[in-house]
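A.B. asks: One structure follows; several queries about it will come next.
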Amino acid sequence: MKPPQVPPKVLPLFFITPLILRSMVPPRQRRRFFKTILQGTLFSPFRPVRFRDAFVADCVTSMVRPICDLIYALAYYFTAIWGLLSGKYTLNRAGYLLSKSMIWHGLILPALSILPLFIKFIQTLRQAYDTGKRWPYLGNAFKYFTAGLVILYGMTHASVERSTWWLGCFIAATIYQIAWDSFVDWELLVFVPRSVSSSTLRKPNPRSWRIVNFCRRIRDMFPYIRLRPKRLFDDDSYYRKALFINAALRCCWMYGFIPAYRVSIADGSTQVTFVDKAHGWSFVLLATLEIFRRSIWGIIKVELETIKLMGSEGGENDLDNAGTADEYLREGMWKVPLE
Numbered sequence: 008m009k010p011p012q013v014p015p016k017v018l019p020l021f022f023i024t025p026l027i028l029r030s031m032v033p034p035r036q037r038r039r040f041f042k043t044i045l046q047g048t049l050f051s052p053f054r055p056v057r058f059r060d061a062f063v064a065d066c067v068t069s070m071v072r073p074i075c076d077l078i079y080a081l082a083y084y085f086t087a088i089w090g091l092l093s094g095k096y097t098l099n100r101a102g103y104l105l106s107k108s109m110i111w112h113g114l115i116l117p118a119l120s121i122l123p124l125f126i127k128f129i130q131t132l133r134q135a136y137d138t139g140k141r142w143p144y145l146g147n148a149f150k151y152f153t154a155g156l157v158i159l160y161g162m163t164h165a166s167v168e169r170s171t172w173w174l175g176c177f178i179a180a181t182i183y184q185i186a187w188d189s190f191v192d193w194e195l196l197v198f199v200p201r202s203v204s205s206s207t208l209r210k211p212n213p214r215s216w217r218i219v220n221f222c223r224r225i226r227d228m229f230p231y232i233r234l235r236p237k238r239l240f241d242d243d244s245y246y247r248k249a250l251f252i253n254a255a256l257r258c259c260w261m262y263g264f265i266p267a268y269r270v271s272i273a274d275g276s277t278q279v280t281f282v283d284k285a286h287g288w289s290f291v292l293l294a295t296l297e298i299f300r301r302s303i304w305g306i307i308k309v310e311l312e313t314i315k316l317m318g319s320e321g322g323e324n325d326l327d328n329a330g331t332a333d334e335y336l337r338e339g340m341w342k343v344p345l346e
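When the letters of the sequence shown are read in order and numbered with this note's numbering, they come out as residues 8 to 346.
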């Protein structure tokens, strides 16, 4: 006698049920988590943005792929439970309905994917309004705006329909993000003016002295780039490795927003928006690499905010030393700039 076999599609129901229960127990800690972290990030555009709110929102943008997969699993969970309890359809039918849903793949998932970018865009505008400073907040808003346009086009067009213009915009936006991380978010690279050295005054070979002097003068007109002097880690190679890893993996951030396919709301056709050549492992690798890159980004970002906090005069926190609008301000110290 053969033992009863459990259908494979029942296993997700067994796995997700304890996760749902664990997310609600213990209730007091879970309420505190959702209130202080998630609610603070979601409603931060409607109040002064603290460093924690901006930092969590940045991390959420790197976790769009796992979050969308989790939401899709929850949708399958409740769809399958409803089908089993009502007797209207089987597990196979529930998976088919969800995979071919125009509302789900053409509207809900794209909206949930673009929502973190929209929150970050509004946060930067709120920071610019509260501080009365255009820079660097509008530059940061431009970063999320351009990334949102590139991602939205990639989400709504099949991979075979994208032109070289989209690829060029993708590369340009990625280069801008790398420069922004290095010079603004981390403030890790700084410009230092060149000093006149003895090599500049030394007379070169008579045959090439004009060309050499001209090249040296052009070089001395521009400052050179070095690591910022204040750092918490003694090993400089850590920062150089972080710069290299961030530049090499920066493209994974925008690729993580583009789904495998979309179902057109107009005619119900399925369009492949991401060509997976690794038999389903491309999304896992992209999400893993992006979370790894974001972890390094978060370490250096927190390091920079710590340096600004420690460098404030008299040990007091002020708006100029904080990297964001409201992180290091005590309650009652918030001041709205006068017109």
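Positions of the beta carbon are idealized from the N, C-alpha and C atoms, including for glycine.
Once DSSP output is grouped into helix, strand and coil, what is the label at Tyr-136?
C.D. replies: Residue state for Tyr-136 is assigned as helix, using DSSP reduced to three classes.
A.B. asks: Where does Ser-30 land, buried or exposed, given buried means 16+ other C-beta within 10 angstroms?
C.D. replies: exposed
A.B. asks: So for Val-282, helix, strand or coil by DSSP?
C.D. replies: Coil.
A.B. asks: Which same chain residues, not among the five before or five after Thr-181, have their C-beta less than 6 Å away from its C-beta?
C.D. replies: Arg-257, Cys-258, listed in sequence order.
A.B. asks: Can you grab the Cα-Cα spacing for the pair Ala-87 / Thr-97, in whole Å?
C.D. replies: 7 Å
A.B. asks: Rounded to a whole number of angstroms, what is the C-alpha to C-alpha distance between Phe-53 and Arg-133?
C.D. replies: 8 Å
A.B. asks: Which residues share a DSSP beta bridge with Leu-156?
C.D. replies: Answer by DSSP bridge pairing: none, since Leu-156 is not bridged.
A.B. asks: By Cβ distance below 6 Å, which residues in the same chain neighbour Ile-158 in space, the five residues on each side in sequence not counted?
C.D. replies: Met-261, Phe-264
A.B. asks: Measuring straight from C-alpha to C-alpha, what distance separates Ile-198 and Asp-188?
C.D. replies: The question names Ile, but residue 198 is Phe in the sequence shown. Straight through space, the alpha carbons of Asp-188 and Phe-198 are spaced by roughly 15 Å.
A.B. asks: Tell me, please, whether the region 126-140 touches the region 48-62 by the rule of three or more beta-carbon pairs shorter than 8 Å.
C.D. replies: yes
A.B. asks: Does the distance from the C-beta atom of Ser-120 to that of Cys-75 stay below 9 Å?
C.D. replies: Cβ atoms of Ser-120 and Cys-75: closer than 9 Å.
A.B. asks: Could you pull the start and end residues of the beta strand (DSSP E) that Lys-268 belongs to?
C.D. replies: Lys is not the amino acid found at residue 268; the sequence shown has Tyr there. 268-270 is the extent of the beta strand (DSSP E) around Tyr-268.
A.B. asks: Which residue comes first and which comes last in the beta strand (DSSP E) that contains Tyr-231?
C.D. replies: 231-234 is the extent of the beta strand (DSSP E) around Tyr-231.
A.B. asks: Glu-297 to Thr-277, Cα distance in whole Å?
C.D. replies: 27 Å
A.B. asks: Applying the criterion that 16 or more other CB atoms from any shown protein chain within 10 Å of the CB defines a buried residue, is Arg-39 buried or exposed?
C.D. replies: exposed
A.B. asks: With burial defined as no fewer than 16 other Cβ atoms inside 10 Å of the residue's Cβ, what is the status of Trp-304: buried or exposed?
C.D. replies: buried
A.B. asks: Given that a residue counts as buried once 16 or more other Cβ atoms are within 10 Å of its Cβ, and exposed if not, what is Ala-273?
C.D. replies: exposed
A.B. asks: Please state the DSSP three-state secondary structure of Thr-277.
C.D. replies: strand
A.B. asks: Quick one: grab the DSSP three-state call for Val-309.
C.D. replies: DSSP places Val-309 in the helix class (H, G or I) of the three-state scheme.
A.B. asks: Can you tell which of Ala-249, Leu-316, Val-279 has its C-alpha closest to the C-alpha of Ile-307?
C.D. replies: Cα-wise, what sits closest to Ile-307 is Ala-249.
A.B. asks: Secondary structure at Val-167, three-state DSSP: helix, strand or coil?
C.D. replies: helix
A.B. asks: May I have the straight-line CA-CA distance separating Gly-47 from Phe-125, to the nearest angstrom?
C.D. replies: Each residue's Cα considered, the two are about 15 Å apart.
A.B. asks: State the start and end residues of the unbroken beta strand (DSSP E) segment that holds Leu-347.
C.D. replies: With the chain covering only 8 through 346, there is no way to say anything about residue 347.
A.B. asks: Taking all protein chains shown into account, do 16 or more other C-beta atoms lie within 10 angstroms of the C-beta of Arg-141, making it buried, or fewer, making it exposed?
C.D. replies: exposed
A.B. asks: Short check: CB of Glu-194 to CB of Arg-235, under 9 Å?
C.D. replies: Yes, the pair counts as a contact, with Cβ atoms nearer than the cut-off.
A.B. asks: Reducing DSSP to helix, strand and coil, say where Pro-143 ends up.
C.D. replies: DSSP places Pro-143 in coil when its eight states are reduced to three.
A.B. asks: Please name the residue in Tyr-103, Met-70, Leu-45 whose C-alpha comes closest to that of Phe-299.
C.D. replies: From the listed residues Tyr-103, Met-70, Leu-45, the smallest Cα separation to Phe-299 is found for Met-70.
A.B. asks: For Gly-6, collect the residues of the same chain with a Cβ closer than 6 Å to its Cβ; drop the 5 residues on either side in sequence, then sort them by chain order.
C.D. replies: In the structure displayed, the chain extends from 8 to 346; residue 6 sits before or after that span and is not available.
A.B. asks: Any idea what DSSP makes of Met-109, helix, strand or coil?
C.D. replies: DSSP places Met-109 within a helical segment (H, G or I) once states are collapsed to three.
A.B. asks: In angstroms with no decimal places, state the Cα-to-Cα distance between Leu-105 and Tyr-245.
C.D. replies: 45 Å
A.B. asks: Look at the Cβ atom of Ala-254, then the Cβ atom of Ile-314, and state whether they are nearer than 9 Å.
C.D. replies: no
A.B. asks: Can you tell me whether Tyr-79 is helix, strand or coil according to DSSP?
C.D. replies: helix
A.B. asks: So, under 8 Å CB-CB, Gly-155 and Arg-269 are touching, yes? Tell me the CB distance rounded to an integer number of Å.
C.D. replies: At roughly 17 Å, the Cβ-Cβ gap does not stay under 8 Å, so Gly-155 and Arg-269 are not in contact.
A.B. asks: Work out the CA separation of Pro-25 and Ala-82 for me, nearest whole Å.
C.D. replies: 16 Å
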